[in-house]
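Trainee: One structure follows; several queries about it will come next.
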Amino acid sequence: DAMVIQNPRYQVTQFGKPVTLSCSQTLNHNVMYWYQQKSSQAPKLLFHYYDKDFNNEADTPDNFQSRRPNTSFCFLDIRSPGLGDAAMYLCATSRGFTGEGEQFFGPGTRLTVL
Amino acid sequence: KNQVEQSPQSLIILEGKNCTLQCNYTVSPFSNLRWYKQDTGRGPVSLTIMTFSENTKSNGRYTATLDADTKQSSLHITASQLSDSASYICVVSGGFQKLVFGTGTRLLVSP
Chain U
9 DAMVIQNPRY
19 QVTQFGKPVT
29 LSCSQTLNHN
39 VMYWYQQKSS
49 QAPKLLFHYY
59 DKDFNNEADT
69 PDNFQSRRPN
79 TSFCFLDIRS
89 PGLGDAAMYL
99 CATSRGFTGE
109 GEQFFGPGTR
119 LTVL
Chain P
17 KNQVEQSPQS
27 LIILEGKNCT
37 LQCNYTVSPF
47 SNLRWYKQDT
57 GRGPVSLTIM
67 TFSENTKSNG
77 RYTATLDADT
87 KQSSLHITAS
97 QLSDSASYIC
107 VVSGGFQKLV
117 FGTGTRLLVS
127 P
């Protein structure tokens, strides 16, 4: 089945130690998104790629970076995780523009920062 | 300011009962409204997506309604099951703009 896959499902890192979260999709969608979701809060968009074009949200900290080497894969790099970065990170995809295409979410990666 | 407000914040119902969740929005322009179900520790899963011209849409025991004039939507769950326990998130799109998420309603279905 076509889907959005995130690895790992659970990630533990130490304060300040770089970490990379991975997302892959078999839907062949041209748009991929990264969201941060803290407990009992709505997902917050960090950035998205429309094909190779990177779109960063204005309030996304510089600590968060992303790479999209090809259509199928997208990575979230947290250069120096702080305690406040502990959250669920959701990857999503859509075909077409941000607001038009239905978004399909992955199962998420739960990040713990010690 | 583009906002999506959901009520109630949380809800407990008995298995087999019906319930209705509310969503009010101020997003403009409006393109579509989506309801997602998010199980604890999982990503959101789409239930329905409605455009301006659609008043109601069903997906099994889930029925969403949309009143674009009053900018209100509801999600009705019929004959609730234990597996319906989850957060239900209302999301509104303004077209090319990014999605505006509500904070969700946490539903607990009790045996």
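So the protein sequences, as listed, match chains U and P.
Residue numbering for the first sequence follows the numbering used here, starting at 9 and increasing by one per position.
Residue numbering for the second sequence follows the numbering used here, starting at 17 and increasing by one per position.
We put the beta carbon where it would ideally sit given N, CA and C, even for glycine.
(1) Is it a yes or a no for the stretch 46-55 of chain P touching the stretch 102-111 of chain P, going by three-plus beta-carbon pairs under 8 Å?
(2) Below 7 Å on C-beta distance, what does Ile28 of chain P contact in chain U?
(3) Please state whether DSSP places Asp93 of chain U in a helix, a strand or coil.
(4) How big is the Cα-Cα spacing for Gly116 of chain U and Tyr58 of chain U?
(5) Taking the alpha-carbon of Ser30 of chain U as reference, which of U:Pro51, U:Tyr43, U:Gly24 and U:Asp61 has the nearest alpha-carbon?
(6) Between which two residues does the beta strand (DSSP E) harbouring Leu98 of chain P extend?
(7) Thr120 of chain U lies in the beta strand (DSSP E); which residues open and close that run?
(8) Determine the closest residue to Leu30 of chain P out of P:Lys17, P:Pro60, P:Ile93 and P:Thr79, with distance taken between C-alpha atoms.
(9) Using a threshold of 8 Å, state whether the C-beta atoms of Ser74 of chain U and Phe62 of chain U are closer than that.
(10) Determine which residues share a DSSP beta bridge with Gln22 of chain U and list them.
(11) Residues of chain P with CB under 7 Å from Gln49 of chain U, in chain order?
(12) Among P:Ser101, P:Asn71, P:Pro45 and P:Phe117, whose alpha-carbon lies nearest the alpha-carbon of Leu123 of chain P?
Mentor: Quick answer:
(1) yes
(2) Taking the first residue of the second sequence as position 1, residue 28 of chain P is located at position 12. The contacting residues do not exist; Ile28 of chain P stays about 16 Å from chain U at best.
(3) Locating residue 93 of chain U in the first sequence gives position 85, where the first residue counts as 1. Note: Asp93 of chain U maps to helix in three-state DSSP.
(4) Walking along the first sequence from the start, residue 116 of chain U turns up at place 108. Walking along the first sequence from the start, residue 58 of chain U turns up at place 50. When rounded, the distance between both Cα atoms is 20 Å.
(5) What you label residue 30 of chain U is simply residue 22 of the first sequence in a count that begins at 1. The option with the nearest alpha carbon to Ser30 of chain U is U:Tyr43.
(6) Here the question's residue 98 of chain P lines up with position 82 in the second sequence. Leu98 of chain P -> no beta strand (DSSP E), and no H or E assigned at all.
(7) Sequence index remark: in the first sequence, residue 120 of chain U carries index 112 (1-based). Taken as a continuous stretch (DSSP letters only), the beta strand (DSSP E) holding Thr120 of chain U covers Thr117 to Val121.
(8) For the purposes of this step, residue 30 of chain P is identified with residue 14 of the second sequence, where counting begins at 1. For the residues P:Lys17, P:Pro60, P:Ile93 and P:Thr79, the minimum Cα distance to Leu30 of chain P belongs to P:Ile93.
(9) On the first sequence, residue 74 of chain U is found 66 positions in, with the first residue counted as 1. On the first sequence, residue 62 of chain U is found 54 positions in, with the first residue counted as 1. Going by C-beta atoms, Ser74 of chain U is nearer than 8 Å to Phe62 of chain U.
(10) Reading the first sequence from its first residue, position 14 is the one you call residue 22 of chain U. Per DSSP, none; premise fails for Gln22 of chain U.
(11) By 1-based counting over the first sequence, the position of residue 49 of chain U is 41. Simply Thr119.
(12) For the purposes of this step, residue 123 of chain P is identified with residue 107 of the second sequence, where counting begins at 1. Minimum Cα distance to Leu123 of chain P is reached at P:Ser101.
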